[in-house]
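First the structure, in the form of structure tokens, and then the observations on it.
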Amino acid sequence: MAIYLQDPPPFVAEGIATATRAFGRIADEARAHGAAVAFVLMPARMDANDAEFERGSTAAAPSGIRLKRHAATERFSTALKPLGYPMLDLLPVYASADDIPTLHFVRNSHLTARGHQVTADAMLRFLVASGLVPGRRG
Numbered sequence: 041m042a043i044y045l046q047d048p049p050p051f052v053a054e055g056i057a058t059a060t061r062a063f064g065r066i067a068d069e070a071r072a073h074g075a076a077v078a079f080v081l082m083p084a085r086m087d088a089n090d091a092e093f094e095r096g097s098t099a100a101a102p103s104g105i106r107l108k109r110h111a112a113t114e115r116f117s118t119a120l121k122p123l124g125y126p127m128l129d130l131l132p133v134y135a136s137a138d139d140i141p142t143l144h145f146v147r148n149s150h151l152t153a154r155g156h157q158v159t160a161d162a163m164l165r166f167l168v169a170s171g172l173v174p175g176r177r178g
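Numbering-wise (my numbering), the sequence shown opens with residue 41 and increments by one.
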């Protein structure tokens with residue numbers, strides 16, 4: 041949860057930098073071997089669901105903790121963009137869904153069957169639009 045803090049401790053930036061270097065090395069190696077490469081930003085349940093974010097913010101507030109909505113997506117997007125690979129941010133996809141609360145299970149952060157379908161559809165559109173895979177036929 042530290043990545044969602046309004047003012048995160050230094051280890052958050054250090055962790056993002058480490059992850060970015062690792063993702064970059066993996067992506068470069070994959071591309072060197074002929075693979076198509078892209079990144080997908082997968083938001084947490086509280087990023088897409090207003091009630092979930094409000095619940096988390098309210099629980100953290102008495103301790104003086106302020107959460108920043110979409111901080112993880114914003115921070116990773118900013119860090120990964122310079123690598124130059126196509127990137128799909130699923131946050132707008134989830135936010136535009138008519139049934140946001142049904143995308144994740146209530147008791148954990150895992151996607152439901154509906155959430156997996158929404159994600160798969162968005163990823164296919166992204167891959168085709170980015171030219172990473174050929175479009176669907178008939």
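Ideal placement from N, C-alpha and C gives every residue a C-beta, glycine not left out.
These numbers come from a predicted model, not from an experiment.
How far does the beta strand (DSSP E) with F63 in it extend, from its first residue to its last?
Element bounds for F63: not the beta strand (DSSP E) but the alpha helix (DSSP H), P50 to A72.
Helix, strand or coil: how does DSSP classify V158 here?
Helix, per DSSP.
Once you ignore the five residues that flank D129 on each side, which residues in its own chain have a CB closer than 7 Å to its CB?
Correct list, in chain order: L81, T113 and S117.
Is the beta carbon of P126 closer than 8 Å to that of S170?
Contact: yes.
Between F63 and A76, what straight-line distance do the alpha-carbon atoms span, to the nearest angstrom?
Rounded to the nearest angstrom, the gap between the Cα atoms of F63 and A76 is 14 Å.
Among A160, D138 and P83, the one whose alpha carbon lies nearest that of H110
Checking every option, the nearest Cα to that of H110 belongs to P83.
Measuring straight from C-alpha to C-alpha, what distance separates A160 and L167?
Going by C-alpha positions, A160 is about 10 Å away from L167.
Would you call G155 buried or exposed, if buried means 16 or more other Cβ atoms sit within 10 Å of its Cβ?
G155 is buried by the Cβ-count criterion.
Counting along the chain, where does the alpha helix (DSSP H) carrying L130 start and finish?
Here the alpha helix (DSSP H) through L130 covers L130 to A135.
What are the boundary residues of the beta strand (DSSP E) that includes L120?
Run containing L120: none in the beta strand (DSSP E); it sits in the alpha helix (DSSP H), A111 to L120.
Looking at the strands, I want to know which residues DSSP matches up with H144.
H144 pairs with L151.
Thinking C-beta only, is T60 closer than 8 Å to L120?
Yes, the Cβ-Cβ distance between L120 and T60 is below 8 Å.
Could you please give the first and the last residue of the uninterrupted alpha helix (DSSP H) stretch that includes A99?
Segment D90 to A100, the alpha helix (DSSP H) holding A99.
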